[in-house]
Amino acid sequence: DIQMTQSPSTLSASVGDRVTITCRASQSVNSWLAWYQQKPGIAPKLLVYKASYLEIGVPSRFSGSGSGTEFTLTISSLQPDDSATYFCLQYNSYSSWTFGQGTKVEIK
Amino acid sequence: QLQLQESGPGLVKPSETLSLTCTVSGGSINNSPYYWGWIRQPPGKGLEWIGNVYYSGTTYYNPSLKSRVTISVDTSKNQFSLKLNSVTAADTAVYYCARDRSSGPYRDWGQGTLVTVSS
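As given, the protein sequences belong to chains B and C, one line each in that order.
Numbering-wise (the numbering used here), the first sequence opens with residue 19 and increments by one.
Numbering-wise (the numbering used here), the second sequence opens with residue 176 and increments by one.
Here you go:
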């Protein structure tokens, strides 16, 4: 099974800051990596798929990068609405998908 | 617009079987090039992939749950279902159904339903 290690588990930043979240895979997932945003009581929202492709309607301040085993989600200028928990998901094979543990982003 | 809605008992006794159904509207499961999945989230914790099903009935399960899980599809009702047997308190979670974006991750999600395992 592929394990996903996400870091940090929490971060606190100010409005306008550049924020980076990392996901590391225990083995290569090529570019089959997605990022989700989840707010309390609401289903996750897809932000990025195939490592770097922005889902339609997602603000351009979000971007994804990486391949193989190391991936990042970057928020270029943190906004108050970005306060949420972010999860990565590897979907390298339909036989086994794995979520990261999540990163809670708080606004200072 | 595609909509997914989970339904089923909100309370299940330990050792019994948890059964949920996801009803799809605004799109057809039959002959669609998508995988349909179940995901769960224990209160205050992260997301756990349970498994995926294709309209043909092909299924894939999380290895850690495989011995207890069955996911099936009913194209005539435009529904797919989850059964998890021998439940314990550790299976208490919000259960989501979702559809992938065709060779991609889940894009469309249901609102989720809380299932509590308790006597």
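Beta carbons are placed, not taken as given, at the ideal position from N, Cα and C, and that holds for glycine.
Per DSSP, which residues does V47/B bridge with? Please list them. Answer is none; V47/B lacks a bridge partner.
Quick one: list the residues of chain B neighbouring W284/C, beta-carbon separation under 7 Å, in chain order. What W284/C touches in chain B: A61, P62.
Return helix, strand or coil for D266/C, following the three-state DSSP convention. DSSP places D266/C in helix when its eight states are reduced to three.
Check each residue of the stretch 221-234 of chain C: if its Cβ is closer than 8 Å to any Cβ of chain B, include it; give the result in chain order. Against chain B - using a Cβ distance shorter than 8 Å - the residues of the stretch 221-234 of chain C are G221, L222, E223, W224, N227.
If you reduce the DSSP assignment to three classes, tell me which class D283/C lands in. Annotated three-state conformation of D283/C is strand, per DSSP.
Nearest by alpha-carbon distance to V262/C: which of A273/C, G183/C, S190/C, P280/C is it? When A273/C, G183/C, S190/C, P280/C are compared, the shortest CA-CA separation from V262/C is found for S190/C.
Given 8 Å, three or more beta-carbon pairs between the stretch 62-71 of chain B and the stretch 80-99 of chain B: With a cut-off of 8 Å, the stretch 80-99 of chain B and the stretch 62-71 of chain B count as touching, because enough Cβ pairs lie within range.
Hey, is G287/C's beta-carbon within less than 8 Å of any beta-carbon in chain B? Interface residue, yes.
With C-beta atoms as the reference, is E181/C less than 8 Å away from Y271/C? A contact, by the Cβ cut-off of 8 Å.
From this set, D266/C, Y230/C, F255/C, which residue's C-alpha is nearest L277/C's C-alpha? Residue 277/C is actually Ser in this sequence, not Leu. Nearest C-alpha to S277/C: Y230/C.
Residues bridged to G226/C [DSSP beta-bridge criterion]: DSSP output for G226/C lists W213/C, Y236/C as bridge partner(s).
Using a Cβ-Cβ distance cut-off of 8 Å, determine whether Q119/B contacts chain C. Put simply, the CB of Q119/B is near chain C, with a gap under 8 Å to one of its CB atoms.
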